[in-house]
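Respectively, the protein sequence lines represent chains X and D. Counting from 1, one number per residue, gives the positions in the first sequence under my numbering. Counting from 110, one number per residue, gives the positions in the second sequence under my numbering.
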Amino acid sequence: MPKNDQLSGSLDLLILKTLAQLGSMHGYGIVLHIQQVSDDLLRIEEGSLYPALHRIEETGWIISEWRVSENNRRAKYYQLTARGRKQLVLEQQSWERVVKGVNSLLKFA
Amino acid sequence: MSLFRRIASVFRSRQLDQDLDEELRSHLEMRAADNMSAGMSADEAQLDARRRFGNPALIKESTRTQRIVLWLETVLQEARFGLRMLRRTPGFTVVAVLTVALTIGATVAVFTVIDSVLLRPLPYENPNRLLSITIFMPRQNEEIIASPQYAAFKADGRVLEDAGAYSPEDYNLSGGGEAERLHGVLATASFFSTLGLRPTMGRVFSAEEDKPGVGKVAVISHSLWARHFNSDPGVVGKTILLDDVPHLIIGVLPRSFRFPDVNLQPDFIVPAAIPASLGDLSHPMLIVNVIGRMKPGISLAEAQSDLENVHQQYLASGQSRFGAFFVGSSVHTRLLKTELVGSVRRPLLIIMTAVGFVLLIGCLNIASLQLARAVQRTQEVGMRSALGAGKLRLLRQLLTENLVLSAAGAIGGVLIALVAASLLRAAKLSALPHMAEIRVDLWVLGFAVLATLAAGVFFGFAPALWVNRTDPADAIGKGNRSTAGSGHRRLRNLLIVAELAVAVVLLAGAGLLAHSFSRLLAVNPGFDFHNVLTARVSFPLTSLQEQEPRFAFRDQVTRELRSLPSVESVGTTTSLPFQPYEGSMSVLIEGKPVAPMGMSPFVSVTGISPDYLHVMRIPLASGRGFNDSDIHTSTPVAIVNQAFVGQFFPGEEVLGKRFRVPTPGPPAPWTTIVGVVADVRHLGLAESVSPEIYRPLSQGRIYTGVTFVIRTTEVESTSAALRKIITRLDPSQPVSDVLSMEQQLSASLAARRFNLIALGAFALLALILAAVGIFGVLSYSVAQRSHEIGVRMALGSDRARVLKLVLREAAWLSVAGSLCGIAGAAGLTRFMSSLLYHTSVFDPLTMITVAALLIGVGILAGFVPAHRASRVDPMIVLRAE
């Protein structure tokens, strides 16, 4: 399994998208979700998630709250803010542009 | 929101750390639980969880990075680094901090003064609607307004919401305790409402009490209440004896109250009782000061034009008794604030300009020092940049360093300013109002912070930035022996020359004032002011009818003073030199053309005792002085001064000529001129002498007081004896202004002395800063050129020659600075011409002295670095390569 270092730049996008899909989730759940939805293609180093989560929270795109998980553990749940939703749209668009660009390049002759 | 959270997180950092710990633990537990349900053993599960997770400590660290704590830590770290760098170059640091401290100190001190004098709003309600109203009379070149005109303005309700008038009047306070001469003010009831002034205790007088012949009431000042009534809370309702007349105290003014005219801080206010009816001529006219309150929304121009109409209508109505005086007169309205500041604008302008120059010098100084230092540090900076320090990081470092420097300087500066403020407060300068209240407040501290930041960033950071554009490879390659390029050196020399030039301008200004002041002191006042004691005895207005006992009292005091062993002679006068004249009169000279009514020339009149001329040693040019046979029943006689002769009898015989007051009714008796005396500079040393008449007190009009002049060998003991004599003869009679004639002279020069001292102090500061600048820059130059100097010495140059080499640079810079400065002074000092007495704005002697002083100080400042250069050991320097 390759380590997806090249993905670190798009980690924000993955986190925001995950939270948009799940509504609210803790860090561990975010890791699992990304892994499952991408059919194990994308794996983030679990530790590197937390600096990103805290940075995004400082920026005001997500908020957090301590809750009890489905199997009775205390966990910190993250959730998108309105600004986070807007940011997600922006990041998604820019990501799509990158993909499009890379694809065009790859398809070129 | 986000910023708030960031800042909040600084204060919650421990809590956040715990929070993070818990979050990471929860993650690990969840992963381990999943592992176990997938079939791993508990240990395996935990290990796998940790492995997948990475290093928790590292994660915590990098999570924390996202918080502002780290930002602060970086700043602190950089400040520490900055301090370390500054400690490594203590010479530079001391010089730079001192420069900032002196500059900021001076600036803040001056700002403090300006703040309290100019910037603070007048302590009245809506001060921006308050006007000062006067009538300008072009023929007398005077602004004056009398009570009838005030009444006319007050009656016109179109632009003014309210108007009040006041007039200063001193009274004797007697009854209980030591008799005292008090400063009082006659004011209208509307004076209080116009200013929006409320007493702290009791009330102010009503319009009813402010009518002629009604109220004997008084509102007293906080200071009189504290001083004379021991802050008696029951003072309202008591009576006070003013000029022997009981007045009912009805109110006490607040401690914070400041009278609009700063030179007049009255002890009490009594009703002016100005007749409301314009035509009421049964009461004496009062010369007043008028303050009006404009209605909201009225502009100054509207008020001006409306009041002008009122004035012209009043004149046209023929109600004015003195219509002839007001020919061509017009109304002048000014905002009260402008009026009050007007009198102090000049001294303030001087110190503001001076401190501006000092600030400029300080900034140039810092800039040239930083430039020198930055040049020296190119190698270090180049090295750090080569080792991977980001451009931004280097800039931030430089900026922090400059701010650390400025901050240290600012602390010193504020301390200097605090000391300066307390000195100024103690000096009780009469040249500026509100000086007793100056204080360094938050406003001023804010100003200091701003000034510091500006100085630090613009003048410290900018040159450093400019130098550090250098290519790292280049910088390292050159090493320390780099002479930093001729461009940097030229810029640095330019800065120093500019700095010296500004210092020369200030020195030239101060030099001119000093020269002018010494010329003024050399002026012959026309009398001998040494060893003369003076004391004023004022008589109540109400007892003017009883002149005889007053004269008897005066003669008794004179006799007793004469009997004192230290007293040589005693005389009396109505007005002393350097004081305003007590009276003036228009004269009609026998045999000369009669001027139309109201157009006769005015001359000043002084009443004197026969001994006065002798005591003051005013020389008699011709004729005789007065003697005891000149009494009110004998022929009226007068002595005139030479200016009088020059104006009215040029080239003619004066003795025996007669003059009188032109009166419309039956002619007044003629007065015969019996003597001519030398001119006395009555209005001040710098003022020209106007025609003056001396008359015997015994023949004179009615005087409200006399001033004793006592020629004595012991001024101190005589003044004590004088007080004792007067108290013994009449305990209710106060004595005021017990001063030597020298003190009177000195007081008359107070404004000029203030200008001289202020400008002198700043010029001295400028000179010190300039010396510091030369010293600093040459020191660096020497440090930088130590290689070159070493080579020179190795090649046979001796120490004396090296010494000369550096001193020559100092001399060269000083000479260039002096020349530029003198050129600048030639352009700028003409703005001072009105401050100078018989001194040309380009006085060559002053300019040469100033240039010589600066060059001398410059070379002196260069001596230490020159000496250091001459101690350079060629072996050490060359080996260091």
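All residues carry an ideal CB built from backbone N, CA and C; glycine is no exception.
- What span of residues does the beta strand (DSSP E) with D:His-441 cover, start to end? Walking along the second sequence from the start, residue 441 of chain D turns up at place 332. 439–444 is the extent of the beta strand (DSSP E) around D:His-441.
- Would you check if the distance between the CB atom of D:Ser-695 and the CB atom of D:Ser-678 is smaller than 7 Å? Here residue 695 of chain D corresponds to residue number 586 of the second sequence, with the count starting at 1. Here residue 678 of chain D corresponds to residue number 569 of the second sequence, with the count starting at 1. Not a contact, by the Cβ cut-off of 7 Å.
- Write down the C-beta distance between D:Leu-615 and D:Ala-872 rounded to the nearest angstrom, noting that I regard them as a contact closer than 8 Å. By 1-based counting over the second sequence, the position of residue 615 of chain D is 506. By 1-based counting over the second sequence, the position of residue 872 of chain D is 763. Right, their Cβ atoms sit about 4 Å apart.
- Item | Backbone CA spacing between D:Gly-885 and D:Leu-604 [nearest angstrom] | Sequence index remark: in the second sequence, residue 885 of chain D carries index 776 (1-based). Sequence index remark: in the second sequence, residue 604 of chain D carries index 495 (1-based). About 12 Å.
- Helix, strand or coil for D:Asn-418, going by three-state DSSP, please let me know. The sequence position of residue 418 of chain D within the second sequence is 309, counting from 1. Residue state, collapsed to three classes: helix.
- Item | Amino acids of chain X, ordered along the chain, whose beta-carbon sits closer than 7 Å to that of D:Leu-133 | Residue 133 of chain D sits at position 24 when you count from the first residue of the second sequence. What D:Leu-133 touches in chain X: Tyr-50.
- Message: For D:Val-440, tell me which candidate among D:Lys-701, D:Pro-363, D:Ile-985, D:Tyr-259 has the shortest Cα-Cα distance.
- Response: Taking the first residue of the second sequence as position 1, residue 440 of chain D is located at position 331. Out of D:Lys-701, D:Pro-363, D:Ile-985, D:Tyr-259, D:Tyr-259 has the C-alpha closest to the C-alpha of D:Val-440.
- Task: Quick one: give me the first and last residue of the alpha helix (DSSP H) that D:Tyr-889 is part of.
- Result: Sequence index remark: in the second sequence, residue 889 of chain D carries index 780 (1-based). Segment 859–893, the alpha helix (DSSP H) holding D:Tyr-889.
- Distance, Cα to Cα, D:Ala-593 vs D:Ala-215? By 1-based counting over the second sequence, the position of residue 593 of chain D is 484. By 1-based counting over the second sequence, the position of residue 215 of chain D is 106. Low confidence applies here, because D:Ala-593 scores a pLDDT of 48, under 50, leaving its location unreliable; read the following figure in that light. Each residue's alpha carbon lies about 34 Å from the other.
- Message: Could you give the first and the last residue of the continuous beta strand (DSSP E) run that contains D:Ala-631?
- Response: For the purposes of this step, residue 631 of chain D is identified with residue 522 of the second sequence, where counting begins at 1. Careful: D:Ala-631 lies outside any beta strand (DSSP E) and carries neither H nor E.
- Where are the beta strand (DSSP E) runs, 3 residues long or more, that stay fully inside the stretch 791–851 of chain D, in chain order? 801–805, 814–821, 844–849
- Query: Just checking my contact of D:Val-184 with D:Thr-509 at CB under 8 Å: how many whole Å lie between their CB atoms?
  - Reply: The sequence position of residue 184 of chain D within the second sequence is 75, counting from 1. The sequence position of residue 509 of chain D within the second sequence is 400, counting from 1. Indeed they touch by this definition, with Cβ atoms about 7 Å apart.
- Item | Environment of D:Thr-561 [buried if 16+ CB atoms lie within 10 Å] | Taking the second sequence and counting its residues from 1, one reaches residue 561 of chain D at position 452. The residue in question, D:Thr-561, is buried, as its Cβ has 16 or more Cβ neighbours within 10 Å.
- Task: Would you mind reading off the limits of the alpha helix (DSSP H) that contains X:Gly-101?
- Result: As a working note, residue 101 of chain X is residue 101 in the first sequence. Looking at the DSSP string, the run of the alpha helix (DSSP H) that includes X:Gly-101 is 82–107.
- Task: Tell me whether the beta-carbon of D:Ile-213 lies closer than 7 Å to the beta-carbon of D:Gly-522.
- Result: The sequence position of residue 213 of chain D within the second sequence is 104, counting from 1. The sequence position of residue 522 of chain D within the second sequence is 413, counting from 1. Against a cut-off of 7 Å, the Cβ pair of D:Gly-522 and D:Ile-213 comes out as a contact.
- Query: Since D:Glu-138 meets chain X, which of its residues come closer than 7 Å, beta carbon to beta carbon?
  - Reply: Working through the second sequence from its first residue, we reach residue 138 of chain D at position 29. Residues of chain X passing the Cβ test: Arg-73.
- Query: Would you report the Cα separation of D:Leu-622 and D:Leu-207, rounded to the nearest angstrom?
  - Reply: Walking along the second sequence from the start, residue 622 of chain D turns up at place 513. Walking along the second sequence from the start, residue 207 of chain D turns up at place 98. Taking the straight line joining both Cα atoms gives about 28 Å.
- Message: So, for D:Ser-591: in the same chain, excluding its five sequence neighbours on each side, which residues have a beta-carbon less than 6 Å away from its beta-carbon?
- Response: By 1-based counting over the second sequence, the position of residue 591 of chain D is 482. Since pLDDT at D:Ser-591 reaches only 46, below the 50 mark, its modelled position is unreliable, and the value read off the structure follows with that caveat. Result list for D:Ser-591: empty, nothing under 6 Å.
- Where D:Ile-988 falls, given that 16 or more other Cβ within 10 Å makes a residue buried: Working through the second sequence from its first residue, we reach residue 988 of chain D at position 879. The residue you asked about is not Ile; residue 988 of chain D is Arg in the sequence shown. When all chains shown are included, D:Arg-988 counts as exposed.
- Query: Along the chain, where does the beta strand (DSSP E) that runs through D:Leu-295 open and close?
  - Reply: By one-based count along the second sequence, residue 295 of chain D stands at place 186. Per DSSP, D:Leu-295 belongs to the beta strand (DSSP E) from 289–296.
- Message: Quick check: D:Gly-401 and D:Ala-535, are their CB atoms within less than 7 Å of each other?
- Response: Taking the second sequence and counting its residues from 1, one reaches residue 401 of chain D at position 292. Taking the second sequence and counting its residues from 1, one reaches residue 535 of chain D at position 426. Against a cut-off of 7 Å, the Cβ pair of D:Ala-535 and D:Gly-401 comes out as no contact.
- Task: Ignore the nearest five residues each way along the sequence and tell me which others in D:Phe-711's own chain have a CB closer than 6 Å to its CB.
- Result: Taking the second sequence and counting its residues from 1, one reaches residue 711 of chain D at position 602. Result list for D:Phe-711: Ser-693, Ser-695, in chain order.
- Hey, would you say D:Leu-357 sits closer than 7 Å to D:Thr-348, going by beta carbons? For the purposes of this step, residue 357 of chain D is taken as the residue at position 248 of the second sequence. For the purposes of this step, residue 348 of chain D is taken as the residue at position 239 of the second sequence. Yes; because the gap between Cβ atoms is below 7 Å, this pair is in contact.
- Query: What residues of chain D sit near X:Tyr-28, judged by a beta carbon separation below 8 Å?
  - Reply: Indexing the first sequence from 1 puts residue 28 of chain X at position 28. Residues of chain D passing the Cβ test: Ser-135, His-136, Met-139, Arg-140.
- Message: Taking 6 Å as the limit between beta carbons, can you name the residues of its chain near D:Arg-767, skipping five residues before and five after?
- Response: Here residue 767 of chain D refers to the residue found at position 658 when the second sequence is read from its first residue. Excluding positions up to five away in sequence, the list reads Glu-699, Trp-779, Thr-781.
- Since D:Asp-739 and D:Pro-800 are thought to touch, with beta carbons under 8 Å apart, how far apart are those beta carbons, to the nearest angstrom? Counting from one through the second sequence, the residue named residue 739 of chain D turns up at place 630. Counting from one through the second sequence, the residue named residue 800 of chain D turns up at place 691. Actually they are not in contact, since the Cβ atoms of D:Asp-739 and D:Pro-800 sit about 21 Å apart, beyond 8 Å.
- Task: Output the distance between the C-alpha atoms of D:Ser-713 and D:Ile-802, rounded to the nearest integer angstrom.
- Result: For the purposes of this step, residue 713 of chain D is taken as residue 604 along the second sequence, with counting starting at 1. For the purposes of this step, residue 802 of chain D is taken as residue 693 along the second sequence, with counting starting at 1. Rounded to whole angstroms, D:Ser-713 to D:Ile-802 spans 6 Å at the Cα level.
- Item | Between the CA atoms of D:Tyr-275 and D:Thr-297 - distance to the nearest angstrom | Stepping through the second sequence from its first residue, residue 297 of chain D is reached at position 188. Stepping through the second sequence from its first residue, residue 275 of chain D is reached at position 166. Whole-angstrom Cα-Cα distance: 7 Å.
- Query: Is it a yes or a no for the stretch 360–378 of chain D touching the stretch 323–332 of chain D, going by three-plus beta-carbon pairs under 8 Å?
  - Reply: yes
- Task: Alpha carbon to alpha carbon, how far is D:Ile-254 from D:Ile-244? Give it in angstroms, no decimals.
- Result: Within the second sequence, the letter at position 135 stands for residue 244 of chain D. Within the second sequence, the letter at position 145 stands for residue 254 of chain D. Distance between the alpha carbons of D:Ile-244 and D:Ile-254 is about 6 Å.
- Message: Is X:Lys-76 close to chain D? Criterion is C-beta to C-beta, closer than 7 Å.
- Response: Within the first sequence, the letter at position 76 stands for residue 76 of chain X. Answer yes: the Cβ-Cβ gap between X:Lys-76 and chain D drops below 7 Å somewhere.
- Mind listing the chain X neighbours of D:Phe-162? Cutoff is C-beta to C-beta under 7 Å, in chain order. Within the second sequence, residue 162 of chain D is the residue found at index 53, counting from 1. Under the 7 Å cutoff, chain X gives Glu-46, Gly-47.
- Task: Let me know the secondary structure DSSP gives X:Lys-17 once reduced to three states.
- Result: Indexing the first sequence from 1 puts residue 17 of chain X at position 17. DSSP places X:Lys-17 in helix when its eight states are reduced to three.
- Query: Can you tell which of D:Gly-971, D:Val-676, D:Met-492, D:Val-345 has its C-alpha closest to the C-alpha of D:Glu-823?
  - Reply: Translated into the one-based positions of the second sequence, residue 823 of chain D becomes position 714. It is D:Val-676 whose Cα lies nearest to the Cα of D:Glu-823.
- Message: My output table needs one value for D:Val-379: the three-state DSSP class, helix, strand or coil.
- Response: For the purposes of this step, residue 379 of chain D is taken as residue 270 along the second sequence, with counting starting at 1. Looking at D:Val-379 - three-state DSSP - the assignment turns out to be strand.
- Measuring CB to CB, does D:Glu-318 end up less than 7 Å from D:Pro-380? Mapped onto the second sequence, residue 318 of chain D falls at position 209. Mapped onto the second sequence, residue 380 of chain D falls at position 271. Against a cut-off of 7 Å, the Cβ pair of D:Pro-380 and D:Glu-318 comes out as a contact.
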